[in-house]
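Okay, structure first, notes after.
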DNA sequence: TGGGTTTCGGACTGTGATGTCTTAAATATC
DNA sequence: GATATTTAAGACATCACAGTCCGAAACCCA
Ligand code: FES
Ligand code: FES
């Protein structure tokens, strides 16, 4: 687990980026996803379920079923995924854990951390997941296209 | 809790910065610390105990006892505190949670995240806690000097 | 229609972080 | 030496997160 996101969130990102490499509308099963990515089967099921609940993904039961993006990959950013799972509190919280984070009552690194928060946010929205997936050099994503 | 550090770590930072405002060698009790900072009494005790175990703090029992910095405030950085509690894995881990983080097998944001990790590390070591504490504008730290 | 496949939903367990409580040990003061 | 005060240490409780399991529902295909 990185310091930024929960496990769930990391798995969600990994899964969504995998789906982004698939032809539009094609369904991908949890089985295929767990075969490529190192994620517990049932746990991933729950996570994708949750994402489907928010509309970020669509799902279909049955033999040809699975999951697919709920809208075009060009219209989804990593922030959408992170926000759906972990929320966006990190854009507002003090890095030292003080109850208030504002310029009126700042901690020692308020300004510095403020800039970094912005950079992290920017990292999450600068590119859509279509570009992101294309930039992914991880071997796990080789020939995801079927 | 911020996205970077555990609660324990946040409390440790808050406590150590408070101690950094005290005259060198003066002992500060958990009671005084919890009166200023919003941290559970016994939990803070455990944390300071742990920091004392690493030598970052010294402690003394008895009526005039308490905690104090183990070395000069000028020779301690926030990274020392973070490293003692949360460790330094964040300098090595993939932000998307992939098992490997290297340029040979990079994820979509490997380079970007690499720069940010460096910036975070830099934020933690750029200033010593003497300067940090002085820069702290939080009301909790007003007139910490006794 | 029936059987196999897949997601759905909920209950359940495991684990680590957080927080509480109690007793003991050390220290200062009287 | 007696007492009060403070940290030390460990057991315990609580909670959130991670992960598992199972039956039901939806779906496809023969
Ligand atoms: S007050 Fe600490 S980051 Fe804003
Ligand atoms: S591989 Fe993802 S940050 Fe390095």
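Residue numbers (this note's numbering), protein chains in the order written: chain F, 879 to 1024; chain B, 879 to 1024. The C-beta atom is built at its ideal place from N, Cα and C for all residues, glycine as well. Because the structure is a prediction, the values reported are computed rather than measured.
Cross-strand partners of residue i (DSSP beta bridge)
i, result
"residue 955(B)", "1006(B)"
"residue 1017(B)", "DSSP, once it has assigned bridges, lists no residue as partnering residue 1017(B)."
"residue 1028(B)", "This structure leaves residue 1028(B) out entirely; chain B is present only between 879 and 1024."
Any C-beta of chain F under 7 Å from that of residue i
i, result
"residue 918(B)", "no"
"residue 881(B)", "yes"
"residue 990(B)", "yes"
"residue 965(B)", "no"
"residue 987(B)", "yes"
Residue i at chain B interface by Cβ criterion, 7 Å
i, result
"residue 941(F)", "no"
"residue 921(F)", "no"
Residues of the segment 886-912 of chain F whose Cβ lies closer than 9 Å to any Cβ of chain B, in chain order: 887, 888, 889, 891, 892, 895
In chain order, each beta strand (DSSP E) run of at least 3 residues that lies wholly inside the segment 931-1001 of chain F: 935-938, 944-947
Residues, ordered as in the chain, of the segment 1005-1017 of chain F that lie near chain B by beta-carbon distance below 7 Å: 1010, 1013, 1014, 1015, 1016, 1017
Between the segment 969-983 of chain F and chain B, which residues of the former have a C-beta closer than 8 Å to a C-beta of the latter? 971, 972, 973, 974, 975, 976, 977, 983
Can you pull out the residues from the segment 991-1003 of chain B whose beta carbon lies closer than 8 Å to at least one beta carbon of chain F? 991, 994, 997, 998, 1001
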